[in-house]
Amino acid sequence: MSQAPHPTGAVANSPAALTNALPSYLDPNNLGPWGIYLQQVDRVTPYLGNLARWVDTLKRPKRTLIVDVPIHLDDGSVAHFEGYRVQHNTSRGPGKGGVRFHQNVTLSEVMALSAWMSIKNAAVNVPYGGAKGGIRVDPRQLTIGELERVTRRYTSEIGIIIGPTKDIPAPDVNTNEQIMAWMMDTYSMNEGSTATGVVTGKPVDLGGSLGRREATGRGVFTVGVEAAKHTGMDISTARVAVQGFGNVGGVAGKLFAEAGAKVVAVQDHGGTIYREAGLDVPGLLAHVARTGSVAGFEQAEAMADDAFWDVPCDILIPAALEQQITHANAGRIQAKMVIEGANGPTTPQADDILHDRGVLVVPDVIANAGGVTVSYFEWVQDFSSFFWSEDEINARLVKIMQDAFAAVWQVADANKVSLRTATFIVACKRILHARDLRGLYP
Ligand code: GLU
229 MSQAPHPTGA
239 VANSPAALTN
249 ALPSYLDPNN
259 LGPWGIYLQQ
269 VDRVTPYLGN
279 LARWVDTLKR
289 PKRTLIVDVP
299 IHLDDGSVAH
309 FEGYRVQHNT
319 SRGPGKGGVR
329 FHQNVTLSEV
339 MALSAWMSIK
349 NAAVNVPYGG
359 AKGGIRVDPR
369 QLTIGELERV
379 TRRYTSEIGI
389 IIGPTKDIPA
399 PDVNTNEQIM
409 AWMMDTYSMN
419 EGSTATGVVT
429 GKPVDLGGSL
439 GRREATGRGV
449 FTVGVEAAKH
459 TGMDISTARV
469 AVQGFGNVGG
479 VAGKLFAEAG
489 AKVVAVQDHG
499 GTIYREAGLD
509 VPGLLAHVAR
519 TGSVAGFEQA
529 EAMADDAFWD
539 VPCDILIPAA
549 LEQQITHANA
559 GRIQAKMVIE
569 GANGPTTPQA
579 DDILHDRGVL
589 VVPDVIANAG
599 GVTVSYFEWV
609 QDFSSFFWSE
619 DEINARLVKI
629 MQDAFAAVWQ
639 VADANKVSLR
649 TATFIVACKR
659 ILHARDLRGL
669 YP
């Protein structure tokens, strides 16, 4: 319904027209991952009842920062990289989410990832909003000194919006404990005091938490076990295929193998390997630690990358990057269950194909929430300067994941919707309820 333009340039009494539907800094014809996120929000809007009047809050990031990151390379020349920090929502608490270093990072991607953090944090009910950061850089091309300089300059640039009570970064793709140590140090130097709570995923000796490194993979495994209980699948005889064998896929693969499952296929940036009888997962982890990839692992057959999608298996764990399961391969997937270790690995079209084929998708916004859950524990421990045992952390993590999964399952069942839509319903209601209680300022 079109209405007359308001003198301010807005259109009166028509929320859709009054506010621009899309941020002007994105190409409306190529929204990228942000477009996928918007479709996911549109799907849940009918389930939000009265809170739907706030739904536009979810359709734009609260704050978007783009920074130039210049550094001296080792050869004395200067290189510039583009960095981002997006705070999608802070209604329920400070921004929270990782920082990724990747040559293909885009603003649209960081925006979508920040929004998925808002949903994820609300889904497991940790008191955070959502944020994400990234630098458009291939860290494999940098020396260790260059990597440190890029990290420090980026941290200094985003220092104007991060902080222990404002926005707390953490590791994500291609970032690790060392990078968090440099971020913590840079922020602390600028502040003039040691602020351990400004980032999570730090080394244990610098206020990091026991169990944080394994937390995302452990969470993936935990929801896998819960989903298997609900669907009558026996994990101890399940065949598992994993894409991405780093911090998430590697740990999840190890835990599934320890529970008796056969990890039959693994794919990463270096190649794809297969073993019908099940791969030796500890051996493969050692090979990856040594060589950087699963490629060339002796006790396995190499396989064409595209054939990964046809592997007969019960559980598929995409634990790499976004948009891996698309309309082009969703019809080929043999698994009965997809557990999303990565953020955004399945496109909405692929989601529909899998749903129609009866494949259960445990979505990223619940499946990989274990990482940020233990980040929350780390942040709490830093504030209180009192540290918990690893058993305590793992037990609390498992309880939060089990409870969140049960709540989402119940909503999915009651509304006859997918687990993704159910997770969005639970999370969006929590975020928008907080928004409603706080009201608008001024
Ligand atoms: N990068 C992780 C994620 O996507 C963890 C974020 C955090 O711990 O803040 O969930």
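Residues in the sequence shown are numbered consecutively from 229, following my numbering. Positions of the beta carbon are idealized from the N, C-alpha and C atoms, including for glycine.
Nearest CA to the CA of residue i: which residue from the options?
i	options	result
Pro510	Gly439, Val491, Pro540	Val491
Ala528	Ala547, Ala535, Phe536, Glu504	Glu504
Leu293	Ser384, Pro367, Asp270, Gln268	Ser384
Asp496	Val470, Leu507, Phe652, Gly481	Val470
Gly375	Gln406, Val432, Ile386, Ala359	Before going further, note that residue 375 is Leu rather than Gly in the sequence given. With distances taken between Cα atoms, Leu375 lies closest to Gln406.
Pro355	Gln369, Gly321, Gly362	Gly321
Gly498	Val522, Val479, Ala514	Val522
Ile543	Asp303, Gly362, Lys564, Asp533	Lys564
Ser612	Pro431, Asp284, Ala423, Arg560	Ala423
Ile621	Phe614, Asp610, Val608, Val602	Val602
Gly277	Val333, Tyr669, Lys657	Lys657
Pro397	Lys324, Asp366, Ile581	Lys324
Val401	Asn418, Arg368, Ile372	Arg368
Ala359	Ala578, Gln331, Lys394, Gln268	Lys394
Gly311	Gly304, Ser305, Ile299	Ile299
Ala535	Tyr502, Glu550, Glu526	Tyr502
Ala530	Pro576, Thr500, Leu250	Thr500
Glu419	Asp302, Asp255, Ala409, Gly387	Gly387
Asp284	Ala556, Leu250, Leu665, Ser437	Leu250
Gly201	Ala595, Lys457, Ser305	As shown, the chain starts at 229 and ends at 670. That puts residue 201 outside it, with no answer to give.
Which of the three DSSP states is assigned to residue i in this structure?
i	result
Ala238	Note that Ala238 scores a pLDDT of 41, beneath 50, so its modelled location is shaky; the value from the coordinates is reported in the next line. It is coil, neither helix nor strand.
Met461	coil
Ile390	coil
Pro670	coil
Lys430	coil
Asp413	helix
Arg644	The question names Arg, but residue 644 is Lys in the sequence shown. DSSP places Lys644 in coil when its eight states are reduced to three.
Pro510	helix
Cys656	helix
Val476	coil
Asp538	helix
Thr334	coil
Thr318	coil
Gly447	helix
Glu526	coil
Pro233	Because the pLDDT at Pro233 is just 42, under 50, the model does not fix this residue reliably, and the point stays unresolved.
Asp303	coil
Arg288	coil
Tyr356	coil
Gly274	Checking the sequence, you will find Pro at residue 274 rather than Gly. It is helical.
Ser346	helix
Just to confirm before moving on: does the CB-CB distance between residue i and residue j stay below 8 angstroms?
i	j	result
Val566	Val587	yes
Thr444	Gly572	no
Phe309	Val327	no
Asn317	Ser346	yes
Thr403	Glu606	no
Ala655	Ala350	yes
Phe484	Gly452	yes
Val600	Lys290	no
Pro392	Gly425	yes
Leu660	Trp282	yes
Arg441	Leu625	no
Gln630	Glu454	yes
Leu513	Val494	no
Ile389	Val468	no
Val516	Phe473	yes
Thr379	Met411	yes
Leu549	Val589	no
Quickly, what does DSSP pair residue i with across the bridge? List them, please.
i	result
Leu293	Arg313
Arg328	Gly362
Met531	Thr500
Pro399	Val327
Pro261	Answer by DSSP bridge pairing: none, since Pro261 is not bridged.
Pro546	Gln471
Leu298	A small fix is needed here, since residue 298 is Pro in this sequence, not Leu. Its beta-bridge partners are His308.
Val491	Val468
Taking CB distances under 8 angstroms as the criterion, tell me whether residue i reaches chain D.
i	result
Glu504	Any reference to chain D falls outside this structure, which holds one protein chain only.
Checklist line | Contiguous alpha helix (DSSP H) assignments of at least 4 residues, all confined to the region 358 to 387 | finding: 372 to 386
Notebook entry, point to check: At which residue ranges does the region 549 to 630 contain complete alpha helix (DSSP H) runs of 4 or more residues, listed in the order of the chain?
Noted result: 576 to 584, 592 to 595, 598 to 612
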